[in-house]
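Counting from 1 along the sequence shown, just add 987 to a position and that's the residue number in this note's numbering. Reading through the structure tokens given below for one structure.
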Amino acid sequence: MTNESGPVLGIETSCDETAAAVLSPAGTILAEALLSQSAHAAYGGVVPEIAARAHLAHLPDLVADVMTRAGVHYAELGAVAASSGPGLIGGLIVGSGFAKGVSLAHGMPFVAVNHLEAHALTVRLPGLVPDGAPFPYLLLLLSGGHCQCVAVEGVGKYRRLGGTIDDAVGEAFDKVGKLLGLGWPGGPAVEKLAREGDPQRFGLPRPLLGRPGCDFSFSGLKTAVAHLVAGYPPGPLPARDAADIAAGFQASVADVLADRARHAMAVFARHESGRLLVVAGGVAANAVIRQALRRAAADNGFTLVAPPLRLCTDNAVMVAWAGLERLRLGLTDPLDHAPRPRCPLEALSA
Ligand code: KG4
Ligand code: ZN
988 MTNESGPVLG IETSCDETAA AVLSPAGTIL AEALLSQSAH AAYGGVVPEI AARAHLAHLP
1048 DLVADVMTRA GVHYAELGAV AASSGPGLIG GLIVGSGFAK GVSLAHGMPF VAVNHLEAHA
1108 LTVRLPGLVP DGAPFPYLLL LLSGGHCQCV AVEGVGKYRR LGGTIDDAVG EAFDKVGKLL
1168 GLGWPGGPAV EKLAREGDPQ RFGLPRPLLG RPGCDFSFSG LKTAVAHLVA GYPPGPLPAR
1228 DAADIAAGFQ ASVADVLADR ARHAMAVFAR HESGRLLVVA GGVAANAVIR QALRRAAADN
1288 GFTLVAPPLR LCTDNAVMVA WAGLERLRLG LTDPLDHAPR PRCPLEALSA
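Okay, structure coming up:
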């Protein structure tokens, strides 16, 4: 029997994180679990086939685990929500297929969640922002696969203000990490190494700095780092130089992101009443970048909000929460809904 006001089970399998979570109808996290697939590190990037097989192997146990820890029976669930794109299609099929199976077996609604909408709505989880995060707000989504700024006007209501014209910012961190001989993913390793380095020593470019609009570009910066590294003899770089390059690269990214955020805030403020700048995605973990964005926000009369790191990176809490938000508006999906590797936020409708 359907219990429309029951807890929601959320499932995330769009990339290399297998995750499940159960949220109460009010949005309290009853249980969450996440498995970061380690098998990809040896290949220096996510291998889609390995990811899909790992989701298939681990998702059933993860779901059983969160249901037990939440103390919720399937029959009590109000809905089951799964990331249904964008992402790697094999993983999306595993996660949404599993969710549809639960929905069919236990007679509850299925919610096909746009993974980007899940990132966009996370900040509205109860308790993250005093008195909640009201619409509209400005979102900077900074991850390995996505790099865009979006006006979030409501559930299913998004206005894209700009995005990367080449690489995503996390992708640039990963490529620079590789050039410097660090492990994968590169972001955390580059940040760690940059702490020892001099950000001024190498004058690296700041792509699109000061240009009108809210777009980003990182491939020229990555190429500049590649040229620098190519000037050294083969083999590991001298430790001092590697640290200075990492620090120079990170400083350039922070400058560019702060500049682009300034432009986006100006554009947003012309049309919208909200003054919240929200960052999400793995790159939001970077302390230097957060600091630069915090300063840019304050200069423009905005407040920066970054959800806790585990909710910034891919997770199932955000999927369950987006499911709840949609369920409250009566937005559910048929079981023949097809997951899609590409589905931009602007294409959503509430
Ligand atoms: O959001 P996320 O977990 O997954 C998706 O890409 O969807 O983001 C992962 C990205 C990777 O590119 C990783 O290198 C980057 O976030 N990242 C960082 C840091 N931690 C993770 N980049 C810069 N500094 C960090 N501390
Ligand atoms: Zn993501």
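In this text, a Cβ means the ideal position worked out from N, Cα and C, and glycines have one as well.
Per DSSP, reduced to three states, the secondary structure at phenylalanine 1203 is strand. Around the beta carbon of alanine 1211, 16 or more other beta carbons sit within 10 angstroms, so the residue counts as buried.
No Cβ-Cβ contact shorter than 8 Å links glycine 1074 with proline 1294. Between alanine 1271 and the set Gly1082, Gly1149, Gln1135, the nearest pair of CA atoms involves Gln1135. If you keep only unbroken alpha helix (DSSP H) runs of at least 4 residues inside the stretch 1240-1295, you get 1274-1286. The C-alpha of glycine 1222 is placed about 45 Å away from the C-alpha of leucine 1108. For the ligand ZN, the residues with a Cβ under 6 Å from any of its heavy atoms are, in chain order, His1102, His1106, Ser1130, Asp1301. Arginine 1146: member of the beta strand (DSSP E) spanning 1144-1150, first to last residue.
Burial of arginine 1111 is indicated by the presence of at least 16 other C-beta atoms within 10 angstroms of its C-beta. Bridge pairing for tyrosine 1219: absent [DSSP]. Inclusion of alanine 1006 and aspartate 1301 in the CB contact set at 8 Å is warranted, their separation being smaller than that value. Lysine 1179 and leucine 1244 have their C-alpha atoms spaced approximately 19 Å apart. In this structure, leucine 1264 lies near leucine 1125, with their beta-carbon atoms less than 8 Å apart. Leucine 1126 carries a strand assignment under DSSP once its states are collapsed to helix, strand and coil. Sequence-distant Cβ neighbours of lysine 1165 in its own chain, meaning closer than 8 Å and more than five residues away, are Gly1031, Trp1171, Gly1173.
Under the criterion of beta carbons closer than 8 Å, valine 1275 and alanine 1241 qualify as touching, at roughly 5 Å.
The Cβ-Cβ distance between leucine 1208 and serine 1239 falls below 8 Å.
Cα atoms of arginine 1277 and phenylalanine 1289: separation of roughly 14 Å, rounded to the nearest angstrom. The C-beta of threonine 1055 has fewer than 16 other C-beta atoms within 10 Å across all chains shown, which makes the residue exposed. Note: glycine 997 is bridge-paired with Ala1008, Ala1068 in the DSSP secondary-structure output. With at least 16 other beta carbons inside 10 angstroms of its own, glutamine 1237 counts as buried. Around the beta carbon of aspartate 1048, a 10 Å sphere encloses fewer than 16 other beta carbons of the protein chains shown; the residue is thus reported as exposed. According to DSSP, residue pairing for phenylalanine 1097 in a beta bridge involves Val1067, Asp1320.
When distances are taken from the beta-carbon of phenylalanine 1289 to the heavy atoms of the ligand KG4, even the shortest one reaches 7 Å or more. For leucine 1314, the enclosing alpha helix (DSSP H) has its first and last residue at 1304-1315.
In terms of CA proximity to glycine 1197, His1250 leads the group Ala1176, His1250, Asp1154, Leu1224. Counting along the chain, the unbroken alpha helix (DSSP H) around glutamate 1036 starts and ends at 1035-1057. In the structure shown, the three-state DSSP call for leucine 1191 is coil. For serine 1025, the three-state secondary structure derived from DSSP is coil.
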